[in-house]
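Numbering (the numbering used here) for the sequence shown: 5 to 493.
Glycine is no exception: its CB is placed at the ideal position from the N, C-alpha and C atoms.
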Amino acid sequence: MADYLLGLDQGSTNSKAVLVNRRGGIVRQASVPLKTNRPRPGWVEHDPRSILNSQLHAAKQLIHSIGRKDAIAALGIANQRSTIILWDKNTGRPLTPVISWQDLRAAELTQQWSDHRELIRSKTGLMLTPYYAAPKLRWILDHAKGIRTRAEQGKILSGTVNTFLIWHLTKGEVHATDHTNAARMLLMNLHSLSWDEELLSLFDIPRAILPCILPTSADYGTARLAGIQIPIRASIGDQQAGLLGLGAVHPGEAVVNYGTGGFLLVNTGSQSVLLPGLLSSLAWTTLEETAFIVEGTVNSVGTLFDWFIKLGWLRSPDEIDRVLKSSNERVYLVPALAGLGAPHWLSDARTGILGLGPTTTKADLVRAAVEGVAFLIKDIAEAVQKTRSIRIKTLTATGGGSRIASLVQAQSDLLGISIRRSDVTEATALGAALLAGVTCGWWKSPSVFPKIRAGRIFRPRLSEAEREKIYGKWKKAIEAVGVFSGGAL
């Protein structure tokens, strides 16, 4: 009898795997680090073989630890979204690096579609930015020698990381993606849930290189892994998987994820909502159910703290809470190492630090970085709640950055609401595994997933007057960065 589900989480810095039992609990987990390459300013890449091998290694560690070939009922895959790769259809040989969602090489190219912003937004629920897959694909087709000709001949395949993994796990039998990953490519129509011919023509992307689109809970073939066969029964974007893993499965339930980037996702149930400056997308899809989210992104969180380490202002993110105890003044830092995401959308913005004085210390700058992340999430939450149709009822914090207590406390202070910090450290992989459990009949739908245990509760400590005062200054800092970038806010 199969006792476990296997959840995979391929991210920007690690490839992870978890084993989940029938009670929805994680019983084993593994993680393999992944290197990020930055060959030029604005370029962010991974080695394709490293992504594949690291994910296989993490999965095999858990499979070997069980000792039974029939122990795993199914596996689910979660992955970093908008990260793209092309490979040879016959051999599987990668033809490009894995180009990260953070990569900005297509920024200039993206400007040529500026007149079509409203068309793109109405069809996809997204903003026109170089972070998504379509501009990256077009850049590759324009710049990589011989790629376009071979693509038009049907000799090349493309996809986000989940598609690349599925293709290799099934030994080339399945070239597929799911609705949540397809939705981040600027090529899928959010209403028909299929590739949009008008968008394919606009971006000049050959249909032949794209995978078929399936529900997040579906049959993705059979993985041949560590000498056994495991049905692949779920594929989902990492942020949506985290939503499931944290139990935010009802309208109004929200998750803030502090990882390499930052993400605020609010479940809107069966209602697709389009709000100014925010993204409308899918939470999950099954044969019986389609759920939606509104989402906002912060492009630099973990990368911001890594930058501070590189500058010598920090030794490790683990010391942030201690360092902040010696901060005595407030400085404003707008984190824009990879431009500004929602709701500002300035890809050419640069990080700005305002309010420096002769008594400013490194501790004050670290505090400014922490609060800068929290301010950007505040901007997103403000945009969400400008409409009466959506209210954030509960908010759960997750991701590596949520271990920084001062960050979650700052977030609670700025939002004026209580935040629960999850004790589940691998919510993304857990969500992928649970979704696979829906496909193979363990649960009827995500709405009946087992409840996760409660974590620490952070409650706001600022008065409304103080909150509004410092938020007003933050808005001026954002305006200054916008002017400096040459963008318009």
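Close beta carbons around residue i, own chain, < 6 angstroms, minus the five adjacent residues each side
i, result
"T524", "It is not possible to answer for residue 524, since the shown part of the chain is limited to 5 through 493."
"A111", "P134, S351"
"L90", "L99, T100, I160, S162"
"Y156", "According to the sequence displayed, residue 156 carries Glu and not Tyr. Counting only Cβ-Cβ distances below 6 angstroms, and skipping sequence neighbours, we find P210."
"D7", "A75"
"A342", "Q106, N303, S304"
"G158", "A212"
"S330", "A367"
"A186", "M192, I217"
"G359", "V335, Y336"
For residue i, the three-state DSSP class (helix, strand or coil)
i, result
"G263", "coil"
"A436", "helix"
"F453", "coil"
"N57", "helix"
"N41", "strand"
"H348", "coil"
"E49", "strand"
"D74", "coil"
"I313", "helix"
"V302", "strand"
"P139", "helix"
"R424", "strand"
"Q157", "coil"
"D13", "strand"
"E112", "helix"
"Q84", "coil"
"G404", "helix"
"S320", "coil"
"T355", "coil"
"A458", "coil"
"N166", "helix"
"S410", "helix"
"R392", "coil"
"W117", "helix"
"G273", "strand"
"N193", "strand"
"A506", "Residue 506 is absent from the model: the chain starts at 5 and stops at 493."
Close-in-space but distant-in-sequence residues of the same chain around residue i (CB under 8 angstroms, 5 per side omitted)
i, result
"W349", "M131, T133, G281"
"K473", "none"
"L493", "Model confidence at L493 stands at a pLDDT of 40, short of 50, so the residue's coordinates are unreliable and nothing is read from them."
"L560", "Since the displayed the chain opens at 5 and closes at 493, residue 560 lies outside it and no answer follows."
"D208", "R142, L145"
"V165", "Q14, I55, N83, Q84, T87, I89, V102"
"Q59", "L12, Q14, S19, A21, V36, L169"
Nearest neighbour of residue i, chosen from the options [CA to CA]
i, options, result
"A373", "E49, I324, D417", "I324"
"G420", "P139, S467, S58", "S467"
"W447", "Y475, V31, R26", "R26"
"E122", "W171, I81, L190", "L190"
"R465", "I423, F267, F488", "I423"
"T429", "L411, S406, C444", "S406"
"G129", "G300, T364, G246", "G300"
"P454", "L194, R237, G241, G251", "G251"
"L286", "L23, T307, G249, Q244", "Q244"
"L369", "L315, Q413, A387", "L315"
"K64", "A34, G80, F296, I81", "A34"
"L248", "T355, G306, I124, L438", "L438"
Residue i classed as buried or exposed, judged by whether at least 16 other C-beta atoms fall within 10 angstroms
i, result
"S118", "exposed"
"R460", "exposed"
"H179", "buried"
"H68", "exposed"
"Q115", "exposed"
"G71", "exposed"
"T95", "exposed"
"L141", "buried"
"S126", "exposed"
"A433", "buried"
"P52", "buried"
"E257", "buried"
"G376", "buried"
"M5", "exposed"
"Q233", "exposed"
"L268", "buried"
"L318", "buried"
"V452", "exposed"
"Q413", "buried"
"S393", "exposed"
Beta-carbon contacts of residue i that lie in its chain and below 7 angstroms, excluding the five residues immediately before and after
i, result
"G491", "Here G491 scores only 45 on pLDDT, less than 50, and its place in the model is too uncertain to base an answer on."
"I144", "L90, T100, I151"
"F379", "L418, W478"
"V48", "T40, R42, S104, Q106, D107"
Considering only residues of the region 202-253, which uninterrupted alpha helix (DSSP H) runs meet the minimum length of 4 residues and lie entirely inside it, listed in chain order?
-> 242-249
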